[in-house]
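Below is one structure, written out as structure tokens; comments come after it.
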Amino acid sequence: MSAIALPSIGRIAKPRLQFKYTRFSKYILLGSAAATASLAYLYDDYKNNQQNNNNNNNNNNNKNVRRNGLMGLFGGSTAVNIAKIPEGKGYDDYQKVYNDISLKIAEYPEYDENSGFYAVLVRLGWHASGTYRKDTKKGGSFGGTMIYGPEELDGANNGLANARGFLQEFLVKYPWISRGDLWTLASVAGIQEAGGPKIPWGPGRVDDNSGKNVPPNGLLPDASQDGKYVKNYFGALGFNEQESVALLGAHVLGRCHPHNSGYKGPWGPSFNQFTNDFYNRLLGEWRVKKWNGPKQYEDVESGGDFMMLPTDIALKEEPTFLKFVKAYAADEELFFKDFSKAFSKLISLGVTYPKGFQLWELKTLDDQGL
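All residue numbers for the sequence shown refer to the working numbering, where the first residue is 66 and numbers rise by one.
Shown next as structure tokens:
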């Protein structure tokens with residue numbers, strides 16, 4: 066049986082965004098580290114000319130702050146990683162960025178063997194955030210440091226230059242938005258536009274353009290490990306077993322590539338739709354794949370069309386994880402609810418919001434009739 070993509074729930078691509086060739090555009094969708102480094106240099110050169118308009122502390126009237134701005138709310142603190150927002154920018158401005166990202170996603174449904182850009186954008190937000198450690202309070206998405214080595218060159222981030230390149234035009238179009246905000250906002254769009262739950266998100270990350278606060282390699286998950294490793298890894302980020310299982314449900318999207326991770330194949334047929342299919346398939350019968358690559362598993366039912374990583378299989382072998390796998394397999398609404406909370410927590414790691422600030426829920430294109 067061969068893998069067949071479910072029809073994308075995204076809309077038929079509409080040519081709403083006209084792509085213009087600029088000195089930035091030649092780097093779009095290039096996967097090499099050299100292209101990413103050059104792209105980052107060009108963008109930083111461009112953005113340095115915009116400094117008078119970016120990342121200002123604003124003590125103006127914060128009327129209707131939740132929807133129309135955080136003016137003054139994030140300013141005035143000397144604490145590390147206090148969220149700040151560019152002057153005069155608010156909910157509606159970030160909704161426009163979300164819309165542009167989502168419309169562009171809809172233009173490329175065939176990307177990555179019909180997986181679309183959903184998965185790679187989710188992975189970008191995940192990996193930008195997953196370097197955080199609760200004991201050191203360092204790492205995470207706040208500084209947008211993945212454009213610098215060693216983080217950019219971490220093997221776990223192979224292929225993410227494609228996602229950053231995909232988004233680069235929006236850093237040019239919206240020079241006030243930070244890399245960390247754009248990457249995490251794009252991951253929210255990847256989930257929501259694929260039919261997933263609403264993900265509460267907040268702005269205010271500030272670019273670290275010094276390159277001096279880059280997290281070291283080895284902080285991102287190792288898929289070859291067992292259940293004990295999964296517990297320890299997610300525990301270091303501040304997640305419990307339930308949150309860990311919920312987060313791994315994102316594996317329903319996309320596929321693995323030998324040239325990136327060494328692994329090969331999709332987890333199931335709904336690789337362009339966010340569902341609870343990952344858990345239902347995980348509870349099926351799996352066997353070790355016989356091939357020349359790293360240890361991975363293939364499903365017996367389809368004859369090997371779909372795969373699982375060792376850390377995925379660990380979820381059904383560890384009793385404290387298995388009960389949540391079964392719960393999410395039986396109840397997609399429960400999975401969506403728990404995933405929403407866990408993913409929102411993940412992309413907020415290392416970002417300090419003022420007390421009382423409520424994260425935003427961005428509207429999908431369907432919500433807006435677009």
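From the three backbone atoms N, C-alpha and C, an ideal C-beta is built for every residue, glycine too.
Whether residue i touches residue j by CB criterion (7 Å)
i    : j    : result
R270 : G245 : yes
F343 : V365 : no
Q361 : L374 : yes
L225 : L247 : no
P331 : R320 : yes
G415 : G205 : yes
F401 : Y393 : no
S335 : E258 : no
E216 : P280 : yes
W241 : K169 : no
F404 : G314 : yes
N325 : N223 : yes
M372 : E363 : yes
N146 : F207 : yes
V295 : T376 : yes
G369 : G327 : no
E397 : N337 : no
F235 : D158 : no
Extent of the continuous alpha helix (DSSP H) to which residue i belongs
i    : result
Y156 : Y156 to E172
F54  : Any answer about residue 54 is impossible in this case: the structure gives the chain only from 66 up to 435.
H316 : Unbroken run through H316: none, as it is neither H nor E.
F299 : G292 to L302
N305 : Note, N305: premise wrong, no alpha helix (DSSP H); not H, not E.
L250 : R244 to E258
Y393 : P384 to A395
Y344 : D342 to L347
D177 : Y176 to N179
Residues that residue i bridges to, as DSSP identifies them
i    : result
M373 : Y362
G330 : C321
K203 : R198
W425 : W266
T417 : I147
Delimiting residues of the beta strand (DSSP E) encompassing residue i
i    : result
R352 : W351 to V353
key: the segment 298-308 / the segment 380-399 touching (three or more Cβ pairs under 8 Å)   = yes
ask   = Can you find at least 3 beta carbon pairs, one from the segment 271-288 and one from the segment 177-190, that sit closer than 8 Å?
value = no
Sufficient close CB pairs (3 or more, under 8 Å) joining the segment 243-260 to the segment 422-431 = yes
ask   = Do the segment 260-270 and the segment 403-411 touch if we need at least three Cβ pairs shorter than 8 Å?
value = yes
request  = Please confirm if the segment 177-185 is in contact with the segment 205-213, defined as three or more CB-CB distances below 8 Å between the two stretches.
outcome  = no
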